[in-house]
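Take a look at the structure below.
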Amino acid sequence: MTDTAPDRAGPEATYAAFLEEGRFMIQKAKSTGEYVFYPRVVTPSGATDLEWVEAKGTGTLYAITVNRSRQGAWNVALVDLDEGVRMMSTLPGVETAEIGAKLRARIETGEDGPRVVFDLAEGGAA
Amino acid sequence: MSGQAKDLRGKAAIVGMATAGIGEAHGFSAMELLGQAAIAAVRDAGLELPDVDGVFAATSSHAFPTMSVVEYLGLRPRFFDSTNVGGSSFEMHLLQATMALDAGLCDVALVCYGSNQRTAGGKLVSMSEPQWHETPYKPRHPITAYGLAASRHMAEYGTTREDLAEVALAARGWANLNPEAFARGPLTKEEVLGARMISDPLTKSDCCLVTDGAAAVVLTRADRAKDHHEAPVYVMGVGAANYHRSIVEMPDLTTTAAVDSGNRAFEMAGARREDMDVVMLYDAFTINTLLFLEDLGFCPKGEGGRFVQDGRIAPGGELAVNTNGGGLSCVHPGMYGLFLIAEAVTQLRGAGGERQIADATMALCHGNGGTLSSQCTAILSTEAAL
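In the order they appear, the protein sequences are chains A and B. Residue 110 in UniProt numbering is what sits at position 110 of the first sequence, and the numbering runs on without skipping anything. Residue 213 in UniProt numbering is what sits at position 213 of the second sequence, and the numbering runs on without skipping anything.
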């Protein structure tokens with residue numbers, strides 16, 4: 001799905017505004033078909049004709065660590081989206097997970113605002 | 001193209017070196033420690049502070065490091081450079097200083113660093129800004145990034161926590177031969193494996209120290225190096241490579257840009273891996289040592305964990321790695337890169353005491369900055385390999 005509305009601001013603020021609306025949107029270059037994340041003004045190959053598209057919301061766990069402190073433990077993950085881009089995220093439902101596991105995105109709204117997090121996909125063990 | 005990188009081979013030499021305040025330096029500020037190291041390095045070169053006309057510095061606590069250094073030491077440089085690529089800054093400064101000296105933009109180059117982060121607060125001091133796309137997930141950099149890299153290396157190559165422990169044990173083995181090292185004493189594999197987990201799979205024992213410390217080196221053009229020190233240490237090659245800032249943007253977490261920085265340095269130096277008598281690798285975390293051994297070509301990709309078995313990089317082993325005890329057991333005052341160079345100079349001068357590598361003529365110093373981001377490799381040698 002293509003969002004044709006003009007950007008209201010720069011890519012960082014636009015991404016955040018979409019999240020506020022409950023939408024996980026990423027950028028794609030019309031000319032090259034490349035996706036890019038985190039949101040910015042150019043793709044790795046130099047394309048600048050970027051449009052916002054709905055992320056499929058599916059991905060694979062690339063790397064994961066569990067931060068442990070007196071404040072508790074939380075995992076920090078790198079997730080490869082099926083579109084071919086990587087993002088930092090977390091898997092709030094589990095302590096950790098196997099690298100290679102299939103994941104599904106959802107938007108979680110906490111005290112710091114909305115963020116994209118991931119759950120293990122059904123039958124998605126690595 | 002008027003010049004080539006290899007034209008800079010051997011054009012400059014380190015003729016002065018000093019460290020100060022390694023470990024704990026109660027009651028001293030970062031600049032006071034830096035000043036002590038700088039003064040001692042300049043005198044080691046048979047020079048005085050007013051002779052310095054090139055200044056190179058990066059610190060964890062100054063927005064404008066060269067301005068602060070120049071003012072504090074009363075210098076009047078005509079060339080200065082504050083390139084900040086994290087811990088690798090000082091390997092880059094060797095290259096900048098060599099270029100500036102070769103171009104006649106300065107005659108005496110001072111590269112310096114100082115930090116009191118241990119006694120000032122006991123925590124890593126960093127001016128590193130958060131990355132907006134990471135912030136919602138509360139990473140605790142740098143360790144989160146290195147934990148992620150270690151997790152991927154384990155999944156892809158079967159590297160184990162025991163392999164990482166070998167790196168920590170080897171570092172301690174070297175530190176026990178270095179009276180200046182901060183963490184000395186016996187250390188067992190059980191202690192390393194049983195240490196508190198901080199960012200899986202990295203425990204406290206997989207992390208570098210938080211110490212105070214300062215270091216400085218002085219360089220001149222090679223043709224006048226002998227006037228300043230009987231054993232100049234020549235800058236044979238320096239290579240750099242950098243492709244990301246955030247760990248999210250690192251293309252492959254198991255392969256760093258050290259592949260490219262290393263190849264560039266070896267090419268400029270006209271040297272081979274097997275020529276290296278001392279290998280100084282930026283070991284902020286145990287995984288670094290494995291990654292850099294692989295990426296710099298000392299073992300195949302993925303084999304780092306197996307390569308370090310049986311004390312191969314420990315004292316008496318086949319490859320002398322981090323002979324001062326490294327960031328893991330000797331010194332790590334926030335930015336460690338200049339201490340790699342200080343140890344290489346010590347070894348190439350034959351001044352390593354109990355830890356001296358016999359007939360050391362070539363040393364590699366590999367600096368790492370950010371989250372496996374900036375990679376700078378420097379190859380140094382004695383006159384014998386010039």
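Glycine included, every Cβ here is placed at the ideal spot set by N, Cα and C. The structure presented is a predicted model; accordingly, all values stated were derived computationally and were not measured.
(request) Output, in sequence order along the chain, the residues in the stretch 176–201 of chain B whose CB is closer than 9 angstroms to any CB in chain A. (result) For the stretch 176–201 of chain B, which is checked against every Cβ of chain A, the residues closer than 9 angstroms are Arg196, Met197, Ile198, Ser199, Asp200, Pro201.
(message) For the stretch 217–235 of chain B against the stretch 14–26 of chain B, do three or more pairs of beta-carbon atoms, one drawn from each stretch, fall closer than 8 angstroms, so that the two count as touching?
(response) yes
(message) For A/Tyr62, report the span of its beta strand (DSSP E) as first-last.
(response) If you number the first sequence from 1, residue 62 of chain A lands on position 62. Unbroken beta strand (DSSP E) run through A/Tyr62: 58–69.
(request) Would you kindly check if the distance between the Cβ of B/Asp206 and the Cβ of B/Phe285 is under 8 angstroms? (result) Counted from its first residue, the second sequence places residue 285 of chain B at position 285. Counted from its first residue, the second sequence places residue 206 of chain B at position 206. Cβ distance < 8 angstroms, so B/Phe285 and B/Asp206 count as in contact.
(request) Run down chain A in chain order and give the residues with a C-beta less than 7 angstroms from the C-beta of B/Tyr113. (result) Here residue 113 of chain B corresponds to residue number 113 of the second sequence, with the count starting at 1. Going along chain A, no residue has its Cβ under 7 angstroms from B/Tyr113, so there is no contact; the nearest lies around 29 angstroms.
(request) At 7 angstroms on the CB atoms, spell out the chain B contacts of A/Trp74, in chain order. (result) As a working mapping, residue 74 of chain A is identified with position 74 in the first sequence. Correct list: Lys138.
(message) At the level of alpha carbons, what is the spacing between B/Ala385 and B/Met127?
(response) Taking the first residue of the second sequence as position 1, residue 385 of chain B is located at position 385. Taking the first residue of the second sequence as position 1, residue 127 of chain B is located at position 127. Spanning the two alpha carbons is a distance of roughly 39 angstroms.
(message) Distance cutoff 8 angstroms, beta carbons only. Does A/Ile107 sit that close to anything in chain B?
(response) Position 107 of the first sequence holds residue 107 of chain A. No, because no Cβ of chain B sits closer than 8 angstroms to the Cβ of A/Ile107.
(message) Taking CB distances under 8 angstroms as the criterion, tell me whether A/Leu78 reaches chain B.
(response) Against the first sequence, residue 78 of chain A aligns to sequence position 78. Yes, contact with chain B.
(request) Closer than 7 angstroms by beta-carbon distance: list the chain B residues that pair up with residue 168 of chain A, in chain order. (result) With chain A covering only 1 through 126, there is no way to say anything about residue 168 of chain A.
(request) Quick one: using the 10 Å Cβ neighbour count with 16 as the cut-off for buried, is A/Thr109 buried or exposed? (result) Your numbering for residue 109 of chain A matches position 109 in the first sequence. Under the 10 Å beta carbon count, A/Thr109 is surrounded by fewer than 16 other beta carbons and is classified as exposed.
(message) Going by DSSP in three states, A/Thr2 sits in which element: helix, strand or coil?
(response) Mapped onto the first sequence, residue 2 of chain A falls at position 2. Bear in mind that the predicted position of A/Thr2 carries a pLDDT of just 46, short of 50, making it unreliable; the figure below should be weighed with that in mind. DSSP places A/Thr2 in strand when its eight states are reduced to three.
(request) Consider the C-beta atom of B/Arg306 and the heavy atoms of the ligand ADP; say whether any pair is separated by less than 7 angstroms. (result) With respect to the ligand ADP, the structure offers nothing, as it holds no ligand at all.
(request) Show which residues of chain B have a CB atom less than 9 angstroms away from the CB atom of A/Arg23. (result) Stepping through the first sequence from its first residue, residue 23 of chain A is reached at position 23. The premise fails here: A/Arg23 is roughly 16 angstroms from chain B at the closest Cβ pair, so nothing lies under 9 angstroms.
(message) Residues of chain A with CB closer than 9 angstroms to the CB of B/Gly147, please, in chain order.
(response) Position 147 of the second sequence holds residue 147 of chain B. Ordered by position in chain A, the residues that pass the 9 angstroms Cβ test against B/Gly147 are Ala63, Ile64, Thr65, Val66, Asn67, Val76.
(request) Tell me whether A/Arg115 is buried or exposed, calling it buried when 16 or more other Cβ atoms sit within 10 Å of its Cβ. (result) For the purposes of this step, residue 115 of chain A is taken as the residue at position 115 of the first sequence. When all chains shown are included, A/Arg115 counts as buried.
(request) Would you please verify whether the beta carbon of A/Tyr35 is less than 8 angstroms from any beta carbon of chain B? (result) Here residue 35 of chain A is taken as the residue at index 35 of the first sequence, counted from 1. Chain B contact via Cβ: absent.
(request) Quick one: list the residues of chain B neighbouring A/Ile99, beta-carbon separation under 9 angstroms, in chain order. (result) Position 99 of the first sequence, counting from 1, holds the residue named residue 99 of chain A. By Cβ distance, chain B contributes Ser151, Arg152, Met154, Ala155, Glu156.
(request) Show which residues of chain B have a CB atom less than 7 angstroms away from the CB atom of A/Asp112. (result) Numbered from 1 along the first sequence, position 112 holds the residue referred to as residue 112 of chain A. Neighbours of A/Asp112 on chain B, chain order: Pro136.
(request) Report back the beta-carbon spacing between B/Leu164 and B/Ile247 to the nearest angstrom; my notes put them in contact at under 8 angstroms. (result) In the second sequence, counting from the first residue as 1, residue 164 of chain B sits at position 164. In the second sequence, counting from the first residue as 1, residue 247 of chain B sits at position 247. Contact doesn't hold; Cβ gap of about 18 angstroms is too wide.
(message) What does the alpha-carbon distance come out to for the pair B/Asn116 and B/Thr19?
(response) By 1-based counting over the second sequence, the position of residue 116 of chain B is 116. By 1-based counting over the second sequence, the position of residue 19 of chain B is 19. Going from the Cα of B/Asn116 to the Cα of B/Thr19 covers about 13 angstroms.
(request) Give a yes or no on whether 8 angstroms exceeds the smallest Cβ distance from A/Glu83 to chain B. (result) Translated into positions along the first sequence, residue 83 of chain A becomes position 83. With 8 angstroms as the cut-off, A/Glu83 does not count as an interface residue toward chain B.
(request) Report back the beta-carbon spacing between B/Met250 and B/Ser89 to the nearest angstrom; my notes put them in contact at under 8 angstroms. (result) As a position in the second sequence, residue 250 of chain B is number 250, starting the count at 1. As a position in the second sequence, residue 89 of chain B is number 89, starting the count at 1. Contact flag wrong, Cβ pair sits at about 19 angstroms.
(request) Please report the residue range of the beta strand (DSSP E) in which A/Lys102 lies. (result) Here residue 102 of chain A refers to the residue found at position 102 when the first sequence is read from its first residue. Segment 102–110, the beta strand (DSSP E) holding A/Lys102.
(message) When you compare the CB of B/Thr144 with every CB in chain A, is at least one pair closer than 8 angstroms?
(response) Numbered from its first residue, the second sequence carries residue 144 of chain B at position 144. With 8 angstroms as the cut-off, B/Thr144 counts as an interface residue toward chain A.
(message) Can you tell me whether B/Asp206 is helix, strand or coil according to DSSP?
(response) Here residue 206 of chain B refers to the residue found at position 206 when the second sequence is read from its first residue. Three-state DSSP puts B/Asp206 in a helix.
(message) Going by C-alpha to C-alpha distance, which of B/Glu71, B/Gln96, B/Gly23 sits closest to B/Phe79?
(response) To locate residue 79 of chain B, count along the second sequence from 1; it is residue 79. Minimum Cα distance to B/Phe79 is reached at B/Gln96.
(request) Under 8 angstroms by Cβ, that's how I've got A/Asn67 and A/Glu95 pegged, so tell me the actual separation to the nearest angstrom. (result) The residue given as residue 67 of chain A occupies position 67 in the first sequence. The residue given as residue 95 of chain A occupies position 95 in the first sequence. Going by Cβ atoms, the distance from A/Asn67 to A/Glu95 rounds to 11 angstroms, so no, they are not a contact pair.
(request) Would you decide whether B/Pro130 is buried or exposed? Buried here means 16 or more other CB atoms lie within 10 Å of its CB. (result) If you number the second sequence from 1, residue 130 of chain B lands on position 130. So B/Pro130 ends up on the exposed side.
(request) Kindly indicate which residue of B/Leu364, B/Gln356, B/Gly74 has the alpha-carbon position closest to the one of B/Leu338. (result) Reading the second sequence from its first residue, position 338 is the one you call residue 338 of chain B. The shortest C-alpha separation from B/Leu338 is found at B/Leu364.
(request) Determine, using beta carbons only, whether A/Arg115 comes closer than 8 angstroms to chain B. (result) Counting from 1 along the first sequence, the entry for residue 115 of chain A is found at position 115. Chain B contact via Cβ: present.
(message) Any C-beta of chain A within less than 7 angstroms: which residues of the stretch 239–266 of chain B qualify?
(response) Val248, Leu253
(request) Give me the Cα-Cα distance between B/Pro201 and B/Leu281, rounded to the nearest whole angstrom. (result) Translated into the one-based positions of the second sequence, residue 201 of chain B becomes position 201. Translated into the one-based positions of the second sequence, residue 281 of chain B becomes position 281. Straight-line Cα distance between these residues: approximately 21 angstroms.
(request) Please go through the same chain and pick out, in chain order, the residues whose beta-carbon is closer than 6 angstroms to the beta-carbon of B/Ala378, but skip the five residues on each side of it. (result) Sequence index remark: in the second sequence, residue 378 of chain B carries index 378 (1-based). Excluding sequence neighbours, B/Ala378 sits near Glu91, Leu94, Val238, Cys365.
(request) Look up B/Gln36 in the DSSP assignment and say whether it is helix, strand or coil. (result) As a working note, residue 36 of chain B is residue 36 in the second sequence. The answer is helix: DSSP assigns B/Gln36 an H, G or I state.
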